[in-house]
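*Asks:* Here it is: the structure, laid out below.
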Amino acid sequence: MTYPQTKAALRRLVTEKVVPGVSYALIDGDRVETGEMGAAALVPQPEILRPGMVYDVASLTKVVGTLSVVLQLLDQGRLRLTDSVSQWLPEWQDSRVTLRHLLTHTSGIVGYIPNRNQLNAVDLTHALLHLHVGTTFNRQMVYADVNYIFLGWIVERVLGVPVQVAAKQRVLEPLGMTHSTFTPVDPQQCVPTAITAGRGLVRGEVHDPKGYVLQRRCGSAGLFSTAADLTTFCQAYLHPETCPAVLPPTWLHRMTEDWTPTGQAGRSLGWALTASQWPHPHRVIWHSGFTGTYLVIDQQRQQAMVFLTNRVHPVAPNLPYLDQRNAVIGTYLAEKSR
826 MTYPQTKAAL RRLVTEKVVP GVSYALIDGD RVETGEMGAA ALVPQPEILR PGMVYDVASL
886 TKVVGTLSVV LQLLDQGRLR LTDSVSQWLP EWQDSRVTLR HLLTHTSGIV GYIPNRNQLN
946 AVDLTHALLH LHVGTTFNRQ MVYADVNYIF LGWIVERVLG VPVQVAAKQR VLEPLGMTHS
1006 TFTPVDPQQC VPTAITAGRG LVRGEVHDPK GYVLQRRCGS AGLFSTAADL TTFCQAYLHP
1066 ETCPAVLPPT WLHRMTEDWT PTGQAGRSLG WALTASQWPH PHRVIWHSGF TGTYLVIDQQ
1126 RQQAMVFLTN RVHPVAPNLP YLDQRNAVIG TYLAEKSR
């Protein structure tokens, strides 16, 4: 297991200055190959990327933390996919929206919140709960953080603790993800993200504005993790019977299904779906994070890839990265199928 083309594609991201640095893990059955290349930081001074550094993984929080806890509650019968959001969050008035819509990003929830990033947690919570449902409801997959923020609040209603506390207690600790946290204690171990007007260089604090305001009550962003810990998470997905209390096998074995209401929108519960062609066409799950992170998991082939970078450093959003990211995923899927 060497994946020379995939590693060359990763290296080009660094040498062509698309991203400052990359940490990765390539998983093939019980074999794992890890590495890092490039810089952890470019400003205020250059800093080499070290093994084991901690990344703000942004929206990977959705699948690693929030989704995992929701699957546990579904498995225990404490939640149902058909539950109306308003059943758990009475301030939300549209009873048509269900947990299934939130999980598959088919809720159609839209709306503009003036001065959103300047609101405090109470006002932001109120504003989010008074958004409205648009024309894509129940028909199209439109990715939106609000879906997993709502799921986090529903988890809190069920368990009585903020979603990030629940994720720590019910996912990170049982899986032994000892370097994963929502509250880093040493910013210097963290890879910095962007320089912002209000916060300066963001390092060891969540980059996402909504996550920064909502803190422990944010189910869409806020997790910090390492390549090694995310490898542990991916391996749990490949072997769910080894940790059934954390990742219920009944649900994980159906994770490559299209769970959207139409069954044709290309989204599982939480995860995006793509295809691998060897030894025959089958679905693969993947998810990305705004800061420049993603996981790809091929449950059928027992293979996975962890990719971590700080593509928003020193300046967001770095749009050229998105095409390059998709090309790297394509290279990986093609190479691992040989």
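Per this note's numbering, residue 826 is the first one in the sequence shown, and the count goes up by one each step.
Ideal Cβ placement from N, Cα and C applies to all residues, glycine included.
1) Could you tell me how far apart the beta carbons of S909 and T923 are, in whole angstroms, since I believe they sit closer than 8 Å?
2) Between which two residues does the beta strand (DSSP E) holding W1111 run?
3) Please name the residue or residues paired with I1122 in a DSSP beta bridge.
4) Let's test the definition: count the other Cβ atoms within 10 Å of the Cβ of P915 and tell me whether it reaches 16, buried, or not, exposed.
5) In the DSSP output, which residue or residues are listed as bridge partners for S1101?
6) On the premise that A946 lies in contact with V1038, defined as a C-beta separation below 8 Å, what is that separation, rounded to the nearest angstrom?
7) Along the alpha helix (DSSP H) that carries E981, what are the first and last residues, could you check?
8) Between L892 and the rest of its own chain, which residues show a CB-CB distance below 6 Å, the 5 nearest in sequence each way excluded?
9) Check whether the region 986-995 touches the region 961-971, taking contact to mean three or more Cβ pairs, one atom from each stretch, closer than 8 Å.
10) Given a cut-off of 7 Å on the beta-carbon distance, is the pair L904 and L898 in contact?
11) Output the boundary residues of the alpha helix (DSSP H) element that contains Y849.
12) Is it buried or exposed, K887, if we count other Cβ atoms within 10 angstroms and call 16 or more buried?
13) Is G846 buried or exposed, if buried means 16 or more other CB atoms sit within 10 Å of its CB?
14) For D881, does the three-state DSSP call read helix, strand or coil?
15) Which residues does DSSP list as the beta-bridge partners of G860?
16) With 16 other CB atoms within 10 Å as the buried threshold, where does L1144 fall?
17) To which residues does DSSP link I1020 through a beta bridge?
18) As an exercise, report each continuous beta strand (DSSP E) stretch of at least 3 residues that is fully enclosed by the region 871-952, in chain order.
19) Pull the bridge partners of V958 from the DSSP assignment, please.
20) So, with DSSP's three-state summary, where would you put R1092?
21) Grab me the residues of M1002's own chain with a C-beta within less than 6 Å of its C-beta, minus the 5 sequence neighbours each way, in chain order.
22) Taking 7 Å as the cut-off, decide whether the C-beta atoms of G902 and G933 are in contact.
23) Please look up how many angstroms separate the CB atoms of Y849 and F1132, rounded, as I've assumed it's under 8 Å.
*Replies:* Here's the rundown:
1) 6 Å
2) H1107 to G1114
3) I1110 and A1129
4) exposed
5) H1107
6) 5 Å
7) Counting along the chain, the alpha helix (DSSP H) containing E981 begins and ends at D970 to L984.
8) Counting only Cβ-Cβ distances below 6 Å, and skipping sequence neighbours, we find G1095.
9) no
10) Contact: yes.
11) Element bounds for Y849: not the alpha helix (DSSP H) but the beta strand (DSSP E), G846 to D853.
12) buried
13) buried
14) strand
15) For G860, which the question treats as bridged, DSSP gives the partners Y849.
16) exposed
17) Looking at the DSSP output, I1020 shares a beta bridge with L1026.
18) Runs found: none.
19) I934
20) strand
21) D1054 and T1057
22) no
23) 5 Å
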